[in-house]
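Notes for the one structure printed next.
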Amino acid sequence: MIRKIKKWFHYYFLNKELKFHKPPRQIVKFEEAKEIGIIFDATDTDQTAVVNQFADSLRGTKKKISMFGFYNFPRPAINFNFPYFNQKSLNWYLEPNGILVKEFIEKKFDILINVSVSENLPLEYISALSNASYRIGLYNPNKLFCYDFMIDLKGKNNLPKFTEQVKHYLHIV
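If you read the sequence shown in the working numbering, its first letter stands for residue 1, the second for the next number, and so on.
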């Protein structure tokens, strides 16, 4: 019940912000992209390893890659090689705050990829308000405000499959 209330307020305040936040969106071809942002859930070490491999494969194409993780614990993480935010950076209705979050949202990425295969309100918030030109994420008909391009895994939401599909479609678009 409390989760539903938090979620309702999360969307209420996000929708208020989205009314005034309308950065220009456009399709950016992978070959033309210079800077790519990746947001992801860094809580699970196995998933973080998959995201690191995905980022390394994109770095091999001479793109500047910026990773930003959400660590779903209140205590600080150790041994991360990327900036992150945690539960202490969230307000009561799960809106992420802090200098790193604000800087990441304001950064003008050519492409932003949310590499999360389950609902993650803090990451969706960042994607929705991002100044990125082109935002990519997992298909959800209720999240059209978050992404410009969505990938449907037909209910088989596993991270390696998602990153494989993102790479595939990046080279097609």
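Ideal placement from N, C-alpha and C gives every residue a C-beta, glycine not left out.
**Message:** Quick check on DSSP: helix, strand or coil for aspartate 152?
**Reply:** Residue numbering aside, residue 152 sits at position 152 when the sequence shown is read from its first letter. Aspartate 152 falls in the coil class under three-state DSSP.
**Request:** Quick one: grab the DSSP three-state call for serine 127.
**Result:** Reading the sequence shown from its first residue, position 127 is the one you call residue 127. Of the three classes helix, strand and coil, the one that applies to serine 127 here is helix, per DSSP.
**Where serine 133 falls: helix, strand or coil (DSSP)** = On the sequence shown, residue 133 is found 133 positions in, with the first residue counted as 1. When DSSP states are grouped into helix, strand and coil, serine 133 belongs to the coil group.
**Request:** Determine the DSSP secondary structure at isoleucine 27, reduced to helix, strand or coil.
**Result:** Here residue 27 is taken as the residue at index 27 of the sequence shown, counted from 1. If DSSP states are grouped into helix, strand and coil, isoleucine 27 belongs with coil.
**Asked** Which of helix, strand or coil does DSSP assign to glutamate 95?
**Response** By 1-based counting over the sequence shown, the position of residue 95 is 95. Residue state, collapsed to three classes: coil.
**Request:** Find out if the Cβ-Cβ distance for the pair leucine 18, alanine 132 is shorter than 8 Å.
**Result:** Here residue 18 refers to the residue found at position 18 of the sequence shown. Here residue 132 refers to the residue found at position 132 of the sequence shown. Cβ distance not < 8 Å, so leucine 18 and alanine 132 don't count as in contact.
**Request:** With DSSP collapsed to three states, give me the class of isoleucine 2.
**Result:** The sequence position of residue 2 within the sequence shown is 2, counting from 1. Helix.
**Prompt:** Closest to isoleucine 36 by CA distance: which of Arg135, Lys88, Leu100, Ser116 is it?
**Reply:** Working through the sequence shown from its first residue, we reach residue 36 at position 36. Comparing Cα positions, the closest option is Arg135.
**Prompt:** Got a sec? Which residues, its chain only, sit under 8 Å from leucine 94 by beta carbon, not counting five neighbours each side?
**Reply:** Taking the first residue of the sequence shown as 1, we reach residue 94 at position 94. The residues are Lys6, Lys7, His10, Leu121, Pro122, Tyr125.
**Prompt:** Looking at the structure shown, is lysine 232 part of a helix, part of a strand, or coil, going by DSSP?
**Reply:** With the chain represented from 1 up to 173, any question about residue 232 goes unanswered, as that position is not in the structure.
**Request:** Compare the C-alpha of proline 24 against each of Lys64, Asp41, Lys108, Tyr71 and name the closest.
**Result:** Taking the first residue of the sequence shown as 1, we reach residue 24 at position 24. When each option's Cα is compared against that of proline 24, the closest is Lys108.
**Message:** Along the chain, where does the alpha helix (DSSP H) containing serine 57 start, and where does it finish?
**Reply:** Working through the sequence shown from its first residue, we reach residue 57 at position 57. Where serine 57 is concerned, the enclosing alpha helix (DSSP H) stretches over 45–59.
**Request:** Report the option in Ser89, Ile151, Arg3, Tyr84 whose CA atom is closest to the CA atom of phenylalanine 40.
**Result:** Residue 40 sits at position 40 when you count from the first residue of the sequence shown. Among Ser89, Ile151, Arg3, Tyr84, the Cα nearest to that of phenylalanine 40 belongs to Tyr84.
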